[in-house]
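In the working numbering, the protein residues as written are -12 to 301.
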């Protein structure tokens, strides 16, 4: 079986998360140029904007990059066809059935990875023929699975069940995290939150600064009656939390959520009223840095920690 690096033709087994409002062409191309795999996050885009970002990414890097497509969105089919027309080499799918599009993408020479939150869906994804699986623990930012399985538990369970490439996600932001994930059976990692706080991320500077300021107790999984999402605690989060404590219905929560709440927070920078989706790894982030510096630090720490562990006599 090919390594993850061979599969995606990348130098390091580091995949950047395709996060809404944060993962545009600048971030994706910077990650690919630094040796990882950059992903354009299509979840906050329309068709014209996605095409624009793909074309700009092609101009900014000669390395492979991909597009993340949430399959639950109504424009998923259109985005799939855009990726085919634009000859995007890699597509990561999530939040839907991998059987729907995997074969068509692969028939057009596109590698496919699918994001799952438990062993059951990992097996379904393998049966659908995907090239790789992203197993995401509930430490992750943004939308999570309902099972609340931690990455430390999920990765070895999925590794035991499947025979294809496995990418670990959720709570990983450092070289030590990369090493730990690989020790648990992953072939590589997907990192989101650390790259949100990069210079090339399209997140608003207010959101980036809030990430740097945050500690280990500043995120919480909310909106479980809708789709679980990990948020930074702020005024909007407190309103959601209060509503959930009084057992608000899904309809009431939807009304409170409204339209454009994530754009308001992550892209426009309203850190009080906006929805600030981010993972628990924010407690490991202490500065906004260029992508290349982030990846170089991850690889350097990975190598040092690997050497330290190899020196231990057991």
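Even for Gly, the Cβ is constructed at its ideal location relative to N, Cα and C. This structure is a prediction, so every number in the text was calculated from the model and none was measured.
For this session: Check residue 36 in the structure and name its three-state DSSP category.
Result: helix
Exercise. If you run the structure through DSSP and keep just helix, strand and coil, what is residue 2?
Worked result: strand
Problem set entry | Burial state of residue -12, where buried means 16 or more other Cβ atoms lie within 10 Å | exposed
Exercise. Applying the criterion that 16 or more other CB atoms from any shown protein chain within 10 Å of the CB defines a buried residue, is residue 33 buried or exposed?
Worked result: exposed
Exercise. According to DSSP, which residues form a beta bridge with residue 209?
Worked result: 216
Exercise. Excluding five sequence neighbours on each side, which residues of the same chain lie with their C-beta closer than 7 angstroms to the C-beta of residue 191?
Worked result: 253, 254, 255, 256
Problem set entry | Own chain partners of residue 181 with C-beta closer than 7 angstroms, once the 5 adjacent residues on each side are dropped | 160, 268, 272, 281
Problem set entry | CB of residue 214 within 7 angstroms of CB of residue 130, strictly | yes
Exercise. Per the contact definition of three or more C-beta pairs closer than 8 angstroms, is the segment 19 to 28 in contact with the segment -1 to 7?
Worked result: yes
Exercise. Taking the DSSP output, what are the residues bridged to residue 326?
Worked result: Past the boundaries of the shown model lies residue 326; the chain is included only from -12 to 301, so the question cannot be answered.
Problem set entry | C-beta atoms of residue -5 and residue 166 nearer than 7 angstroms | no
For this session: Please work out which residues of its chain come closer than 6 angstroms, Cβ to Cβ, to residue 58, disregarding the five sequence neighbours upstream and downstream, and give them in chain order.
Result: 80, 82, 83
Problem set entry | Pairwise C-alpha distance: residue 90 and residue 164 | 33 angstroms
Exercise. According to DSSP, is residue 185 helix, strand or coil?
Worked result: strand
Problem set entry | Whole alpha helix (DSSP H) elements within the segment 117 to 165, 4-residue minimum | 138 to 148
Exercise. Got a sec, what are the start and stop residues for the alpha helix (DSSP H) residue -8 sits in?
Worked result: -9 to -5
For this session: Give me the Cβ distance between residue 266 and residue 206, rounded to the nearest whole Å; I'm assuming they're in contact under 8 angstroms.
Result: 7 angstroms
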